[in-house]
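Residues in the sequence shown are numbered from 1 upward in steps of one, following UniProt numbering.
Cβ coordinates follow ideal geometry from the N, Cα and C atoms, glycine included.
This report concerns only the one structure given below.
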Amino acid sequence: MAINDGGNDSELPGDMAAPITAAEQFTQFREPLPEASGSTIGEPSRPASPVIQEATARPPPPPPPTIPSRDPVPPTHYYAVPPPRPIYQMIYSAMPAPGSQGAPAFNETNASDFLRKLEDTCRRSGIVRHKEIMDLLPQYCERPPRVWVEGHYAWKTRNWRMFREAFLDNYHDWDDEQLRYTKEYLDQLVAIERSTNDEIRHYLSEFHEVSTEISLLGLLSDIDRASTLIKGLPIKWQKRIHKRHAERSRSRRDQISYQTAYEQVQATLRVEAEVQRKTEIKEPARKSSPSPHVSSSLQQQSVSSVPLVPAIPVVLPKDRQADDSTSRAIDDVARKLEALALKLDARSDRRNNPFYEQNRGIPSNGMGVGPPRECWTCGGPHNSTPDQCDSIRDFEAKGMIHRNEITGRTTL
Numbered sequence: 001m002a003i004n005d006g007g008n009d010s011e012l013p014g015d016m017a018a019p020i021t022a023a024e025q026f027t028q029f030r031e032p033l034p035e036a037s038g039s040t041i042g043e044p045s046r047p048a049s050p051v052i053q054e055a056t057a058r059p060p061p062p063p064p065p066t067i068p069s070r071d072p073v074p075p076t077h078y079y080a081v082p083p084p085r086p087i088y089q090m091i092y093s094a095m096p097a098p099g100s101q102g103a104p105a106f107n108e109t110n111a112s113d114f115l116r117k118l119e120d121t122c123r124r125s126g127i128v129r130h131k132e133i134m135d136l137l138p139q140y141c142e143r144p145p146r147v148w149v150e151g152h153y154a155w156k157t158r159n160w161r162m163f164r165e166a167f168l169d170n171y172h173d174w175d176d177e178q179l180r181y182t183k184e185y186l187d188q189l190v191a192i193e194r195s196t197n198d199e200i201r202h203y204l205s206e207f208h209e210v211s212t213e214i215s216l217l218g219l220l221s222d223i224d225r226a227s228t229l230i231k232g233l234p235i236k237w238q239k240r241i242h243k244r245h246a247e248r249s250r251s252r253r254d255q256i257s258y259q260t261a262y263e264q265v266q267a268t269l270r271v272e273a274e275v276q277r278k279t280e281i282k283e284p285a286r287k288s289s290p291s292p293h294v295s296s297s298l299q300q301q302s303v304s305s306v307p308l309v310p311a312i313p314v315v316l317p318k319d320r321q322a323d324d325s326t327s328r329a330i331d332d333v334a335r336k337l338e339a340l341a342l343k344l345d346a347r348s349d350r351r352n353n354p355f356y357e358q359n360r361g362i363p364s365n366g367m368g369v370g371p372p373r374e375c376w377t378c379g380g381p382h383n384s385t386p387d388q389c390d391s392i393r394d395f396e397a398k399g400m401i402h403r404n405e406i407t408g409r410t411t412l
């Protein structure tokens with residue numbers, strides 16, 4: 001309980017303080033009425049006795065109503081969190097031992113290939129500094145070039161650019177790559193004769209590569225480069241390129257630029273490839289239909305150049321009749337073969353006879369020696385060896401049957 005003495009709420013706790021309503025304000029600040037116990041009108045009034053009220057905790061007032069905004073609702077932005085960056089780990093391989101399989105080796109030939117392979121191997125092993133590469137270089141050289149490398153001033157000072165130039169210059173005459181990019185090699189390439197489209201296409205690609213390197217060195221002008229390219233083509237291609245250049249340009253035929261010559265060769269290659277493709281499509285249809293005339297290629301060949309083929313012997317009808325002696329011999333052999341067939345059938349029947357199977361056990365005349373056999377030709381008792389039959393030997397002597405030397409069997 002708390003005493004409210006005229007609206008002073010300082011004695012109330014902080015959580016008990018509450019706003020005063022209008023009725024409470026009227027009760028606190030109105031003048032008290034005169035008492036009936038003897039007070040009269042006109043007498044000074046006594047102070048009113050304090051009003052005892054019960055203080056209760058009240059909830060805070062609700063917030064004021066909010067006015068909706070007339071502004072449009074701002075768009076909602078969604079931000080995707082980027083995935084974490086992958087961590088790349090470089091895995092380096094160890095340098096191969098000198099002389100092992102796959103290791104670079106230098107024996108005074110192909111110096112350009114050796115330096116390129118050594119740099120690639122060092123890069124795969126994590127060695128990128130030229131000083132470290134030069135430290136390893138003598139280990140992959142044979143003794144004569146190793147002595148030259150270790151005695152050179154550029155190697156001692158670890159000057160890679162100077163050493164590389166001196167190294168390639170010293171072994172220039174045994175380096176295929178350096179000899180390739182020379183005018184002498186270009187002249188040898190041009191002197192080769194070509195006729196097919198594949199050969200010309202390969203020539204164009206190789207000439208462009210070699211001549212580009214030579215022209216960058218300032219050893220070949222653009223006009224000379226174009227004329228050299230045309231010289232390596234077949235005669236009909238040269239005439240076609242010069243004719244096309246004369247139709248499209250007023251300059252002299254020897255003043256054609258390399259770019260123009262290169263494009264014209266490529267265009268001619270495309271035309272020839274299309275013609276060849278159409279010819280290959282028509283060729284199967286032409287081969288399937290019989291041609292009534294002889295091919296012109298066979299007419300141009302001489303009789304002596306045609307290969308001779310052995311002719312098949314032809315037996316005339318009059319020669320197909322055999323004489324009397326041959327007919328008798330054939331009849332004799334036929335009769336004996338028929339008798340042999342009958343004996344084989346009888347032997348087969350006897351082997352399938354159950355009574356014969358009972359007596360096929362152990363021979364009665366000794367261990368490992370069977371009963372006497374009958375010859376299939378003459379019927380005589382022997383071991384069915386052809387050498388023991390007089391009839392077979394007689395047939396062989398007359399040439400009526402022959403013996404195979406490999407299998408030992410007799411055939412007609």
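- Query: So Ala261 packs on Ile230, CB below 8 Å; how close in whole Å?
  - Reply: Taking the sequence shown and counting its residues from 1, one reaches residue 261 at position 261. Taking the sequence shown and counting its residues from 1, one reaches residue 230 at position 230. With a Cβ gap of about 6 Å, Ala261 and Ile230 count as contacting.
- Task: Can you grab the Cα-Cα spacing for the pair Trp237 / Ile127, in whole Å?
- Result: Residue mapping note: residue 237 aligns to position 237 of the sequence shown, counting from 1. Residue mapping note: residue 127 aligns to position 127 of the sequence shown, counting from 1. Answer to the nearest angstrom: the Cα atoms are 52 Å apart.
- Item | Endpoints, alpha helix (DSSP H) assigned at Ile223 | Against the sequence shown, residue 223 aligns to sequence position 223. Its alpha helix (DSSP H) spans residues Asp222 to Lys231.
- Given that a residue counts as buried once 16 or more other Cβ atoms are within 10 Å of its Cβ, and exposed if not, what is Trp174? Here the question's residue 174 lines up with position 174 in the sequence shown. It counts as exposed.
- Item | Pair within 8 Å by beta-carbon distance, Leu168 and Thr228 | Taking the first residue of the sequence shown as position 1, residue 168 is located at position 168. Taking the first residue of the sequence shown as position 1, residue 228 is located at position 228. No, the Cβ-Cβ distance between Leu168 and Thr228 is not below 8 Å.
- Query: Under 8 Å between the Cβ atoms of Val149 and Leu204?
  - Reply: The residue given as residue 149 occupies position 149 in the sequence shown. The residue given as residue 204 occupies position 204 in the sequence shown. Their beta carbons are not under 8 Å apart, which means Val149 does not touch Leu204 by this criterion.
- Item | Outcome for Arg225 when other beta-carbon atoms lying within 10 angstroms are tallied against a minimum of 16 | Taking the first residue of the sequence shown as position 1, residue 225 is located at position 225. Classification of Arg225: buried, given that the 10 Å Cβ count is 16 or more.
- Task: Measure the beta-carbon distance from Ile200 to Leu269 and round it to whole angstroms, keeping in mind my assumption that it falls under 8 Å.
- Result: Counted from its first residue, the sequence shown places residue 200 at position 200. Counted from its first residue, the sequence shown places residue 269 at position 269. About 7 Å separates the two Cβ atoms, so the contact holds.
- For the alpha helix (DSSP H) containing Trp237, list its first residue and its last residue. In the sequence shown, the residue the question calls residue 237 occupies position 237. Element bounds for Trp237: Ile235 to Arg248.
- Message: My assumption, with CB atoms under 8 Å, is that Met134 sits in contact with Phe106. Please give the rounded CB distance.
- Response: For the purposes of this step, residue 134 is taken as the residue at position 134 of the sequence shown. For the purposes of this step, residue 106 is taken as the residue at position 106 of the sequence shown. Contact flag wrong, Cβ pair sits at about 14 Å.
- Please list, in chain order, all residues of the same chain as Asp176 whose beta carbon is under 7 Å from its beta carbon, the five residues on each side excluded. Working through the sequence shown from its first residue, we reach residue 176 at position 176. Excluding positions up to five away in sequence, the list reads Asn110.
- Item | Segment limits, alpha helix (DSSP H) that includes Leu168 | By 1-based counting over the sequence shown, the position of residue 168 is 168. It spans Trp160 to Asn170 - the alpha helix (DSSP H) in which Leu168 sits, taken as one unbroken run.
- Message: Using 8 Å as the threshold, is the C-beta distance between Pro98 and Gln139 below it?
- Response: The residue you call residue 98 lines up with position 98 of the sequence shown. The residue you call residue 139 lines up with position 139 of the sequence shown. Yes; because the gap between Cβ atoms is below 8 Å, this pair is in contact.
- Message: I need the boundaries of the alpha helix (DSSP H) containing Gln188, first residue and last residue.
- Response: For the purposes of this step, residue 188 is taken as residue 188 along the sequence shown, with counting starting at 1. Taken as a continuous stretch (DSSP letters only), the alpha helix (DSSP H) holding Gln188 covers Lys183 to Ala191.
- Where Asn404 and Lys336 are concerned, what is the direct C-alpha to C-alpha distance, given to the nearest angstrom? Your numbering for residue 404 matches position 404 in the sequence shown. Your numbering for residue 336 matches position 336 in the sequence shown. Cα atoms of Asn404 and Lys336: separation of roughly 20 Å, rounded to the nearest angstrom.
- Item | Buried versus exposed, by CB contacts within 10 Å (16 or more), Leu233 | Counting from one through the sequence shown, the residue named residue 233 turns up at place 233. Label assigned to Leu233: buried.
- So is Ile87 buried or exposed if we call it buried at 16+ other beta carbons inside 10 Å? Residue mapping note: residue 87 aligns to position 87 of the sequence shown, counting from 1. When all chains shown are included, Ile87 counts as exposed.
- Item | Through-space distance from Leu136 to Arg194, alpha-carbon basis | If you number the sequence shown from 1, residue 194 lands on position 194. If you number the sequence shown from 1, residue 136 lands on position 136. Looking at the two C-alpha atoms, the distance is approximately 46 Å.
- Query: Per DSSP, Phe106 is paired with what?
  - Reply: Start at 1 with the first residue of the sequence shown, and residue 106 comes out as number 106. The partner list for Phe106 (beta bridge, DSSP) reads Cys141.
- Task: Give me the Cα-Cα distance between residue 418 and Ala154, rounded to the nearest whole angstrom.
- Result: Only positions 1 to 412 of the chain appear in this structure, which leaves residue 418 out of reach.
- Sub-8 Å separation of residue 420 and Tyr171 beta-carbons: In the structure displayed, the chain extends from 1 to 412; residue 420 sits before or after that span and is not available.
- Message: Rounding to the nearest angstrom, what Cα-Cα distance links Ser327 and Met400 in this structure?
- Response: Mapped onto the sequence shown, residue 327 falls at position 327. Mapped onto the sequence shown, residue 400 falls at position 400. Cα to Cα, the separation comes out at about 12 Å.
- Query: Assuming Ser93 and Arg124 make a contact with CB atoms under 8 Å, what is their CB distance in whole Å?
  - Reply: Here residue 93 corresponds to residue number 93 of the sequence shown, with the count starting at 1. Here residue 124 corresponds to residue number 124 of the sequence shown, with the count starting at 1. About 5 Å; that satisfies the 8 Å criterion.
- Message: Between which residues of its own chain and Arg240 is the CB-CB distance below 7 Å, once the five residues before and five after are set aside?
- Response: The sequence position of residue 240 within the sequence shown is 240, counting from 1. Taken in chain order, the residues that qualify are Thr268.
- Rounded to a whole number of angstroms, what is the C-alpha to C-alpha distance between Gln259 and Thr279? By one-based count along the sequence shown, residue 259 stands at place 259. By one-based count along the sequence shown, residue 279 stands at place 279. Rounded to whole angstroms, Gln259 to Thr279 spans 31 Å at the Cα level.
- How big is the Cα-Cα spacing for Asp222 and Glu142? Residue 222 sits at position 222 when you count from the first residue of the sequence shown. Residue 142 sits at position 142 when you count from the first residue of the sequence shown. In a straight line, the C-alpha of Asp222 is about 42 Å away from that of Glu142.
- Item | Rounded straight-line distance, which links the Cα of Arg244 to that of residue 464 | In the structure displayed, the chain extends from 1 to 412; residue 464 sits before or after that span and is not available.
- For His208, the three-state DSSP class (helix, strand or coil): Start at 1 with the first residue of the sequence shown, and residue 208 comes out as number 208. Helix at His208.
- Neighbour-count burial assignment, Glu357, 16 or more Cβ in a 10 Å radius: As a working mapping, residue 357 is identified with position 357 in the sequence shown. Reliability of the predicted coordinates at Glu357 is poor, the pLDDT of 46 falling under 50, and the value obtained from them is presented with this limitation in mind. Answer is exposed; the Cβ neighbour count stays below 16.
- May I have the straight-line CA-CA distance separating Glu108 from Gln101, to the nearest angstrom? Locating residue 108 in the sequence shown gives position 108, counting from the first residue. Locating residue 101 in the sequence shown gives position 101, counting from the first residue. Each residue's alpha carbon lies about 19 Å from the other.
- Item | Ile127, enclosing alpha helix (DSSP H) - first and last residue | As a working note, residue 127 is residue 127 in the sequence shown. That residue, Ile127, is in no alpha helix (DSSP H); it is neither H nor E in DSSP.
- Task: Go through its chain and collect everything with a Cβ distance to Arg393's Cβ below 6 Å, but skip five positions before and after it.
- Result: Taking the first residue of the sequence shown as position 1, residue 393 is located at position 393. Only residues of its own chain outside the window of five on either side were considered, and among them none has a CB closer than 6 Å to the CB of Arg393.
- Can you tell me whether residue 413 is buried or exposed, with buried defined as 16 or more other CB within 10 angstroms of its CB? This structure leaves residue 413 out entirely; the chain is present only between 1 and 412.
- If you follow the alpha helix (DSSP H) that Arg177 is part of, which residue opens it and which one closes it? Start at 1 with the first residue of the sequence shown, and residue 177 comes out as number 177. The sequence given here has Glu at residue 177, not Arg. Per DSSP, the unbroken alpha helix (DSSP H) holding Glu177 starts and ends at Asp176 to Arg180.
- Hey, Ser257 and Gln178: beta-carbon distance below 8 Å or not? Along the sequence shown, one-based indexing puts residue 257 at 257. Along the sequence shown, one-based indexing puts residue 178 at 178. No, the Cβ-Cβ distance between Ser257 and Gln178 is not below 8 Å.
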